[in-house]
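Heads up, the thing below is written out as structure tokens.
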Amino acid sequence: MARKDPGPQVDRRKFLTGVAAAGAATAAATMSTPVTRAAEPGPAARVPSALPPSMHVAQAETGTPREPARVPGIPGSDFMVDVVKTLGIKYLPANCASSYRAIHESLINYGGNKQPEFLTCMHEESAVAMAHGYFKVAGKPLMTLCHGTVGLQHATMGIYNAWCDRVPVIVVGGNDMDAATRPPGVPTFHSAQDINALVRDFTKWDDTPVSLQHFAQSFVRAYKIAMTPPYGPVMISLDAGLQQEPMKDHGEKPYVPRYVPTAPPQGDSGAVKEAARLLAAAQNPLIVADRAARTPNGMRLLVQLAETLQARVIDQGGRMNFPRTHYLSAPPTAVSSADVILGLELSDFWATVNSYTDNAGNGGIGTNSTRIKRDTKLISISSVELNTKANYQDFQRFQVIDVPMAGDAEATLPALIEAVKAAIPNDRKGAIAARGEAAKKAYAEGKERTRAAAALGWDASPVSTARLCMEVYAAVKDLDWSLVASEGNVSNWPNRLWPMEKYHHWLGRSGGYGVGYGAPASVGAALANRDLGRFSVSIQSDGDLMYAPGVLWTAAKHKIPLLAVMHNNRGYHQEVMHVQRLSNFRNRVANYGGDMGPVGTRIENPDIEYHKLAESMGWWAKGPIKDPAQLGPALKEAVKVVQAGQPALLNVWTQPR
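Using my numbering, the first residue of the sequence shown is number 317, and each one after it goes up by one.
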């Protein structure tokens, strides 16, 4: 079904003419009417937060000067709001649109704009990314609304990032389904038979409800599926007519199904015992974790397993899996000496144990080589195998595994820990303890090398990325801080230098590595941290921010405190290196045409004044900062601003990496 036909449509020129006429009429009426004031003003009357259109606006939109029809009874969208409220969804970031106007109106008037609270976004991709970042702090999904074909197409990159990062987002898309009754013109351009098809390859589940009871079942089911590991985004197409039609006053009343979470899947008990046997007997076992820790308890379990085996741990950073200050923390090169490797929720097991070299020696095609010993045994615990699709290649290359388990790593760890304890013979405990002492030495040596590398170019201008990261840490170290966004484009210095020990210290990366994630995800994460009383800081890439800078306004509008420190290297430096590499392969000099990189990769001339951009959207901001000696004092000032509840941005000119 679709919303009722409002009558003939007019083109944009006629619409603007109508609005101008309405404005002139209003101005004339104002000038001719005397202003009166009451002697004793009473309490101000509460006005609706969404007013009906004036007759002039209605005429401009429909071509028919008539009063808008009143909906009898209870709108169906009111019941939809009741359904949403049962699941405790706290916020709803979205960009407003006509295809979901009914549920929008119900949310703010019937629902009181609470649980969920509508957060005004400038772009659908930003709305989804905000929900993405929020979940990684709060552990609870948000709902977002998209407008038909066009709004959902804007949202697709954000949804794909959430899919690759295994993050639940409840996406609801408005749609006018019935071609016989939908309004002609723009609403029809924005409609489709199946808008869910746009994102079906990278969502866990989707549905198109055709009744209110169907919506109640679908929404609760969508939430349940999204929140069952492996987590992921889900999609519901919501017909505009179904939203706007009144509930029937006869027959069976729709009800809201009760949500009961599904227990996460666990690895097979026999496979767990075999994995424990291999790990207990190993001379040099190694654990590699990517998205293993879904919760802080996942970190505790991984520490317990590692200490039981005195096995070193490579944290690939999809989540905060393992404390960076623990002596068993290891670099990626540790795979070369391992005889048993346990992979926990790895997004790319092949690249963990193999290397790919991009060179010209093979006709321009990269070459592959193994990074592990020939007889190394591989164990995998991953829930992603339970939800793999075909078209998008996020499942990466195929890697043969000796003991593969399709199950959630965090849910399987308790059984694995007990099995490992039972499998370790008494005569192995001395060797295990010695392995731990060797790990302590390797950890200390690695930290010293990292500190020496960070000191290189310490006083350089523009600011080195190591200096940038350490100045930021010095400014927030005494606070309950959370690094809400920092991609790998600062040489991973935060993970190498900061004493990350708590689950909220590091939130991982975007998942699909789509540029434009960092700024809105950091705002969403900062929203969750605001409710928890934490201090949020991001190291914000320049090119990433320019994909959807409107999220800065959203942060200021909704009073979301965040310290954003720009990594302003004035270029898309990943692509700088690609063009340089290809130029070298072809014995050519890259055409720079400027300072920061080859043509087509630079963000300079004119230089973007990010501090002024942020100021224009309600942020406290300062910059550009090019002298590293100025960075510390500016950070102290910015921290005070954020502690007072306001977002702040520092525009720092940096070295490329």
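Cβ coordinates follow ideal geometry from the N, Cα and C atoms, glycine included.
List the endpoints of the continuous alpha helix (DSSP H) containing Pro-741.
Pro-741 -> no alpha helix (DSSP H), and no H or E assigned at all.
Using 10 angstroms around the beta-carbon of Ala-776, count the other beta-carbons present and answer buried if the total reaches 16, otherwise exposed.
Exposed, because fewer than 16 other Cβ atoms sit within 10 Å of the Cβ of Ala-776.
Would DSSP call Pro-972 helix, strand or coil?
Looking at Pro-972 - three-state DSSP - the assignment turns out to be coil, as it is neither helix nor strand.
For Trp-666, which of helix, strand or coil comes out of DSSP?
In the structure shown, Trp-666 sits in a helix (DSSP, three-state: H, G or I).
Locate the beta strand (DSSP E) running through Ile-541, then write down its first and last residues.
First-last for Ile-541: 528 to 542, but that is the alpha helix (DSSP H), not the beta strand (DSSP E).
Please state whether DSSP places Gly-961 in a helix, a strand or coil.
Coil.
Among the residues of its own chain, which have a CB less than 6 angstroms from the CB of Met-300, if the five just before and after it don't count?
The requested residue 300 is not part of the displayed model; the chain covers only 317 to 973.
Starting from Gln-856, follow the beta strand (DSSP E) in both directions and report where the run begins and ends.
Its beta strand (DSSP E) spans residues 851 to 857.
Sorted by chain position, which residues of the same chain lie with C-beta nearer than 7 angstroms to Thr-472's C-beta, five sequence neighbours on each side aside?
For Thr-472, where only same-chain residues beyond five positions count, the Cβ hits under 7 angstroms are Leu-514 and Val-515.
In angstroms, rounded to a whole number, what distance separates the CA positions of Arg-897 and Gly-913?
Looking at the two C-alpha atoms, the distance is approximately 12 angstroms.
Have a look at the DSSP bridge pairing and note the partners of Glu-753.
Glu-753 pairs with nothing; no bridge assigned.
What does a CB cutoff of less than 7 angstroms around Val-788 pick up in its chain, not counting 5 residues either side in sequence?
If we look at Val-788 and ignore the five residues flanking it on each side, its Cβ neighbours are Val-853, Ile-855, Val-881 and Leu-951.
Can Leu-554 and Val-488 be called in contact, C-beta distance under 7 angstroms?
Yes, the Cβ-Cβ distance between Leu-554 and Val-488 is below 7 angstroms.
Quick one: what does DSSP say Gly-466 is sitting in, helix, strand or coil?
Here residue 466 is Val; the residue named in the question, Gly, does not match the sequence. Helix at Val-466.
Please report how far the alpha carbon of Phe-505 lies from the alpha carbon of Thr-465, in whole angstroms.
Near 8 angstroms, if we compare the C-alpha coordinates of Thr-465 and Phe-505.
Whose CA, out of Asn-885, Val-485 and Ala-413, lies closest to the CA of Lys-406?
When each option's Cα is compared against that of Lys-406, the closest is Val-485.
Quick check on this structure: which residue in Met-933, Pro-944, Thr-870 and His-883 has the alpha carbon closest to the alpha carbon of Met-438?
Answer by Cα proximity: Thr-870.
May I have a chain-ordered list of the beta strand (DSSP E) segments no shorter than 3 residues that lie completely inside the segment 589 to 620?
Whole beta strand (DSSP E) segments, 3+ residues: 601 to 605.
Could you tell me which of Ala-496, Phe-451 and Ala-508 sits nearest to Gln-469, measuring between CA atoms?
Answer by Cα proximity: Ala-508.
Just to check my reading of the structure: Ser-415 and Asp-492 have Cβ atoms closer than 8 angstroms, yes? What is that Cβ distance to the nearest angstrom?
Contact holds; Cβ gap of about 6 angstroms.
In the DSSP assignment, the alpha helix (DSSP H) including Pro-503 goes from what residue to what residue?
Counting along the chain, the alpha helix (DSSP H) containing Pro-503 begins and ends at 502 to 505.
The alpha helix (DSSP H) that contains Asn-491, what's its start and end?
Taken as a continuous stretch (DSSP letters only), Asn-491 belongs to no alpha helix (DSSP H), being part of the beta strand (DSSP E) at 486 to 491.
By the 10 Å Cβ neighbour count, where 16 or more other Cβ atoms means buried, how is Asp-976 classified, buried or exposed?
The requested residue 976 is not part of the displayed model; the chain covers only 317 to 973.
Under the rule that 16 or more other beta-carbon atoms within 10 Å means buried, what is Ala-844, buried or exposed?
The residue in question, Ala-844, is buried, as its Cβ has 16 or more Cβ neighbours within 10 Å.
CA-CA distance, Glu-999 and Pro-391?
Residue 999 lies beyond the stretch modelled for the chain, which goes from 317 to 973, so this question has no answer here.
Quick check: what's the CA-CA separation for Arg-973 versus Val-867?
The straight-line gap from Cα to Cα measures roughly 25 angstroms.
I need the DSSP call for Ala-587, collapsed to helix, strand or coil.
In the structure shown, Ala-587 sits in a helix (DSSP, three-state: H, G or I).
For Gly-659, which residues does DSSP report across the bridge?
Answer by DSSP bridge pairing, in chain order: Val-604 and Ser-696.
Along the chain, where does the beta strand (DSSP E) containing Leu-702 start, and where does it finish?
Element bounds for Leu-702: n/a, residue is neither H nor E.
My output table needs one value for Gly-939: the three-state DSSP class, helix, strand or coil.
Gly-939: strand per DSSP, three-state reduction.
Using the Cβ count rule (16 or more neighbours within 10 Å means buried), how would you classify Trp-935?
Label assigned to Trp-935: buried.
Pick helix, strand or coil for Trp-814, following the three-state DSSP scheme.
Trp-814 falls in the coil class under three-state DSSP.
Which term fits Trp-969, buried or exposed, when burial requires 16 or more other beta carbons within 10 angstroms of its beta carbon?
Trp-969 comes out buried.
Spatial neighbours of Pro-715 within its chain, please: C-beta separation below 6 angstroms, excluding the five flanking residues on both sides.
Residue identity differs from the one stated: residue 715 is Gln in this sequence, not Pro. Phe-665 and Trp-666.
Give the single residue among Tyr-926, Glu-891 and Asn-811 whose Cα lies nearest to the Cα of Met-862.
Closest option to Met-862, Cα to Cα, is Tyr-926.
With a threshold of 7 angstroms on Cβ separation, who are the neighbours of Gly-832 within its own chain once the five nearest residues in sequence on each side are excluded?
Correct list, in chain order: Glu-441, Met-473, Asp-860, Tyr-863 and Ala-864.
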